[in-house]
Every structure is written in structure tokens, then in C-alpha cells.
Amino acid sequence: MNQIQNPIIPGMAPDPSIIRVGEDYYIAASTFHWTPGIQLFHSRDLVNWERLDNILKNDEVELRGSNTPAGVWAPHLSYDQKTKKYWLAYSHMQNMAGREFNADSYAMWADEITGPWSKPIYLTSIGFDPALYHDEDGKSYLAILEWETRQGYQAPGHLVIAEVDLTNGGIIGPWHRVT
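Residue numbering for the sequence shown is 124 to 302, as defined by the numbering used here.
What follows is the structure, given as C-alpha cells:
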């Protein structure tokens with residue numbers, strides 16, 4: 124029997140997101156302000172990992188002017204059983220000046236985990252660390268850490284969820300706080 128030893132992936136691979144599709148496991152990891160963005164790894168046994176590629180390769184995200192550790196945060200991999208598509212959600216943190224975080228969240232899809240990946244689809248700017256859920260009824264939902272600091276809004280730091288339009292981008296209906 125193989126024994127897992129940490130770290131399972133050498134080097135820097137923060138904020139890992141793992142999915143299993145069939146017999147294959149995939150991990151996506153943050154790259155912050157480094158390009159190409161979002162590292163992708165593959166394993167069949169959770170012990171031996173192979174680095175596949177980076178998902179963000181060209182001009183999908185503008186990182187010039189991003190301060191450290193801004194950039195691409197917390198990628199989340201998912202697989203939609205109904206459409207047989209791989210999905211990636213991520214936040215592009217543009218500014219981290221005190222309480223004023225400026226982050227946009229996007230989704231991308233691919234028929235194969237190795238791509239080609241779609242252009243980023245804008246989802247929201249309410250927070251960061253997005254995660255997608257694909258329901259059996261064909262609807263998809265976005266869960267995200269709300270980080271809204273404008274006057275009149277409650278304190279940041281709540282997990283919220285809403286239905287998301289993955290074709291045209293954006294949120295459908297109201298946000299719901301997860302308690």
C-alpha cells in the first residue's frame with residue numbers, strides 16, 4: 124500500500140481544490156500574481172501527482188499592477204455530471220488595501236480537464252473564494268465568502284450562496300446567507 128507523505132505536491136501549491144472524476148483526481152492551486160496562472164495536477168492514487176499545466180495561460184486575467192499577494196486566489200474545480208463539463212471558479216484579487224478588498228470572481232469551463240478552457244465568465248464582485256455546485260436539475264449555484272465593506276452593509280465574512288448563470292454570467296435571484 125502506498126503511503127501519503129506531505130507535502131503531496133512539491134513547491135508552492137496553496138489553496139488546493141480537489142475533485143474526483145471516475146478514477147482520476149485533479150488538484151487546482153492558487154498562483155497569486157504569478158503567470159501562467161492556476162496550476163493543475165493529476166493523480167490516480169492520491170500519492171503520485173503529475174503536474175499537467177496551468178489553466179490561465181495568456182491574457183485571461185490582467186495581473187499587471189497587482190500587489191503581493193493579490194492576483195488569482197483559491198481556484199475551485201467542479202465537474203457537472205449532466206453536461207460532462209469541467210468547471211473552474213476563481214477570484215481575481217486586484218487590491219488589498221486594509222478592509223477595502225477589490226475582487227472579481229469568474230468561471231471557466233472545458234470539455235477536457237487539460238482544455239482548451241473557455242474565456243472567463245464574470246460572476247460577481249461580492250467577495251472571494253468562490254465554489255460552484257451543479258445540481259441534478261441543471262441549475263448551478265455559487266457559494267462565496269462575502270466581503271462587502273461599504274457603509275450600510277453588515278460585517279464581512281459570511282458565506283453566501285445564490286443561483287448563478289454560467290452561460291451569460293452573473294447571479295440569478297437573491298443571495299442567501301449560510302448559517
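Glycine included, each C-beta is placed from N, C-alpha and C at the ideal position. What you are looking at is a predicted structure, and each value in this text was computed from that prediction instead of being measured.
Kindly list the residues whose CB is nearer than 6 Å to the CB of residue i, restricted to its own chain and excluding five residues on each side of it in sequence; keep chain order.
| i | result |
| --- | --- |
| residue 209 | 202, 233, 236 |
| residue 139 | 150, 152 |
| residue 250 | 267, 268, 269, 270 |
| residue 247 | 228, 294 |
| residue 176 | 163 |
In whole angstroms, what is the alpha-carbon distance linking residue i and residue j?
| i | j | result |
| --- | --- | --- |
| residue 296 | residue 265 | 12 Å |
| residue 103 | residue 178 | The shown model of the chain, from 124 to 302, leaves out residue 103, and the question about it has no answer. |
| residue 281 | residue 253 | 12 Å |
| residue 306 | residue 195 | Because the chain is modelled from 124 through 302, residue 306 falls outside the range shown and cannot be assessed. |
| residue 213 | residue 256 | 14 Å |
| residue 171 | residue 161 | 19 Å |
| residue 227 | residue 301 | 21 Å |
| residue 174 | residue 283 | 32 Å |
| residue 231 | residue 184 | 12 Å |
| residue 292 | residue 245 | 5 Å |
| residue 206 | residue 148 | 19 Å |
| residue 126 | residue 169 | 9 Å |
| residue 146 | residue 299 | 34 Å |
| residue 238 | residue 156 | 22 Å |
| residue 192 | residue 260 | 38 Å |
| residue 181 | residue 135 | 21 Å |
| residue 243 | residue 133 | 28 Å |
| residue 198 | residue 258 | 20 Å |
| residue 218 | residue 225 | 5 Å |
How far does the beta strand (DSSP E) with residue i in it extend, from its first residue to its last?
| i | result |
| --- | --- |
| residue 257 | 250-257 |
| residue 295 | 294-300 |
| residue 153 | Segment: none, residue 153 is in no beta strand (DSSP E) and carries neither H nor E. |
| residue 286 | 282-287 |
| residue 266 | 263-269 |
| residue 140 | 140-144 |
| residue 247 | 244-247 |
Whose C-beta lies closer than 7 Å to the C-beta of residue i among residues of the same chain, with five residues either side of it excluded?
| i | result |
| --- | --- |
| residue 143 | none |
| residue 290 | none |
| residue 382 | This structure leaves residue 382 out entirely; the chain is present only between 124 and 302. |
| residue 131 | 172 |
| residue 129 | none |
By Cβ distance below 8 Å, which residues in the same chain neighbour residue i in space, the five residues on each side in sequence not counted?
| i | result |
| --- | --- |
| residue 167 | 146, 147, 148 |
Next on the checklist: Extract the residue ranges of the beta strand (DSSP E) inside the region 165-231, only unbroken runs of 3 or more that lie entirely within it.
Outcome noted: If we require 3 residues or more, the beta strand (DSSP E) runs fully inside the region 165-231 come out as 173-179, 194-203, 208-220.
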